[in-house]
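Undergrad:
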Amino acid sequence: MSWGGFVKSVNRAGTTLMQKTGQIERTVDREFIEEEARYKQFEKETNALQKESKAYLEAMRAMTAAQARLASTIDTFYGAADRNSDGAIVGNAYKRAVDDLDTSVAVEFDGPYRTTVLEPVGKMCSFFPIINENISKREKKMLDYDAARSRLRKLIDKPSEDPAKMPKAQQENDDAKEVFDTLNEQLIAELPQLLDLRIPFFDPSFEAMIRMQVKFAEEGYEKLGGVQRFFAENVRDDYAGGQLDAQVEGVLQEMKDLSICGA
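Quick note, our numbering runs 43 ahead of the 1-based positions in the sequence shown.
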């Protein structure tokens with residue numbers, strides 16, 4: 044920070060302190076306050092959207108990876124008993140289907156999701172530091188204007204014997220007011236425009252995300268549904284007739300009857 048910047052910071056800190064004690068009047072623009080509050084809410088929601096969008100992709104990867112590990116374990120479990128058994132054949136078919144889904148997420152979901160969802164959201168979030176810098180700049184220019192206005196009013200209430208002080212104070216007030224008004228009006232005009240653009244900006248991303256979710260669900264249904272054809276006919280009939288639960292209970296009871304499983 045330069046010496047001039049340091050002096051301005053000290054002066055602004057002094058102005059802020061004097062405003063808190065009521066010695067200097069603070070400029071209050073209700074319209075700007077309302078627009079800033081709406082913008083801050085939008086910033087908060089968009090940052091949350093970026094965070095959750097990333098978490099969703101990570102969860103998709105984690106889910107398919109965990110499913111692939113589970114399928115591999117099932118395949119090994121059945122294969123260790125009898126590689127040619129019906130269970131081993133179904134387990135292997137399930138593993139192939141799940142591996143295909145895992146690959147599909149990496150190839151067909153990951154890249155498009157980044158392009159159509161994560162990148163647009165990230166682009167919107169990249170604007171916030173610039174906007175916040177302008178809001179901070181407005182606050183500084185407002186303090187400069189408040190301080191200049193206070194000095195002018197003091198000279199009006201108690202004129203100085205130096206005739207050059209009044210014109211100088213008036214010029215400083217006018218210059219500070221012009222700088223502040225320009226930035227203030229710009230923010231009041233453009234913050235609502237930014238918020239009005241958020242829906243058309245995010246609409247394509249939202250639609251793309253839905254389409255990708257639908258495609259993944261359809262592929263999952265198709266691939267996993269195809270595994271059913273490897274089950275024996277009677278297994279499919281028992282499943283449709285609700286008989287599998289009773290069979291599982293019967294097997295569990297046989298396990299409980301074993302001495303090594305007894306209480």
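Idealized CB from N, CA, C, for every residue including glycine. Values in this document were obtained by computation on a predicted structure and should not be read as measured data.
What separation, rounded to the nearest whole angstrom, lies between the Cα atoms of Leu186 and Arg254?
TA: Position 143 of the sequence shown, counted from the first residue, corresponds to residue 186. Position 211 of the sequence shown, counted from the first residue, corresponds to residue 254. In a straight line, the C-alpha of Leu186 is about 50 Å away from that of Arg254.
Undergrad: Between the alpha carbons of Ser203 and Phe245, how many angstroms are there, rounded?
TA: One-based indexing of the sequence shown puts residue 203 at position 160. One-based indexing of the sequence shown puts residue 245 at position 202. Cα-Cα distance, rounded: 59 Å.
Undergrad: Does DSSP put Asp153 in a helix, in a strand, or in coil?
TA: The residue you call residue 153 lines up with position 110 of the sequence shown. If DSSP states are grouped into helix, strand and coil, Asp153 belongs with the helices.
Undergrad: Identify, in the order they occur along the chain, each residue of the same chain with its Cβ nearer than 6 Å to the Cβ of Met209, setting aside the five sequence neighbours on each side.
TA: To locate residue 209, count along the sequence shown from 1; it is residue 166. Correct list, in chain order: Leu198.
Undergrad: Could you check what DSSP says for Asp218 in three-state terms: helix, strand or coil?
TA: Along the sequence shown, one-based indexing puts residue 218 at 175. If DSSP states are grouped into helix, strand and coil, Asp218 belongs with the helices.
Undergrad: If we ignore side chains and look at the alpha-carbon of each, how far apart do Phe273 and Lys266 end up?
TA: As a position in the sequence shown, residue 273 is number 230, starting the count at 1. As a position in the sequence shown, residue 266 is number 223, starting the count at 1. Near 12 Å, if we compare the C-alpha coordinates of Lys266 and Phe273.
Undergrad: Please classify Asp72: does DSSP put it in a helix, a strand, or coil?
TA: Working through the sequence shown from its first residue, we reach residue 72 at position 29. It is coil, neither helix nor strand.
Undergrad: Please state if the CB of Ala131 and the CB of Tyr121 are separated by a distance shorter than 8 Å.
TA: Here residue 121 refers to the residue found at position 78 when the sequence shown is read from its first residue. Here residue 131 refers to the residue found at position 88 when the sequence shown is read from its first residue. In contact: Tyr121 and Ala131 (Cβ atoms closer than 8 Å).
Undergrad: Please name the residue in Glu77, Asp72 and Tyr82 whose C-alpha comes closest to that of Phe240.
TA: Locating residue 240 in the sequence shown gives position 197, counting from the first residue. The residue asked about is misnamed: residue 240 is Leu in this sequence, not Phe. For Leu240, the nearest C-alpha among the options comes from Tyr82.
Undergrad: Out of Arg192, Asp205, Thr225 and Lys201, state which residue places its alpha-carbon closest to the alpha-carbon of Glu215.
TA: Locating residue 215 in the sequence shown gives position 172, where the first residue counts as 1. When only C-alpha atoms are compared, the closest one is Arg192.
Undergrad: In whole angstroms, what is the alpha-carbon distance linking Phe75 and Ala207?
TA: Position 32 of the sequence shown, counting from 1, holds the residue named residue 75. Position 164 of the sequence shown, counting from 1, holds the residue named residue 207. Distance between the alpha carbons of Phe75 and Ala207 is about 35 Å.
Undergrad: Thinking C-beta only, is Val141 closer than 8 Å to Ala105?
TA: Locating residue 105 in the sequence shown gives position 62, counting from the first residue. Locating residue 141 in the sequence shown gives position 98, counting from the first residue. No. Outside cutoff.
Undergrad: Apart from the five residues just before and just after Ile174, which ones in its own chain have a Cβ nearer than 6 Å to its Cβ?
TA: Counting from 1 along the sequence shown, the entry for residue 174 is found at position 131. Answer for Ile174: no residue qualifies.
Undergrad: Select from Leu295, Gln229 and Thr116 the residue whose C-alpha is nearest the C-alpha of Asn135.
TA: For the purposes of this step, residue 135 is taken as the residue at position 92 of the sequence shown. The shortest C-alpha separation from Asn135 is found at Thr116.
Undergrad: Between the C-alpha atoms of Asp129 and Pro247, what's the straight-line distance to the nearest angstrom?
TA: In the sequence shown, counting from the first residue as 1, residue 129 sits at position 86. In the sequence shown, counting from the first residue as 1, residue 247 sits at position 204. Taking the straight line joining both Cα atoms gives about 47 Å.
Undergrad: Taking Cβ to Cβ, would you say Asp145 is nearer than 8 Å to Thr107?
TA: What you label residue 145 is simply residue 102 of the sequence shown in a count that begins at 1. What you label residue 107 is simply residue 64 of the sequence shown in a count that begins at 1. Their beta carbons are under 8 Å apart, which means Asp145 touches Thr107 by this criterion.
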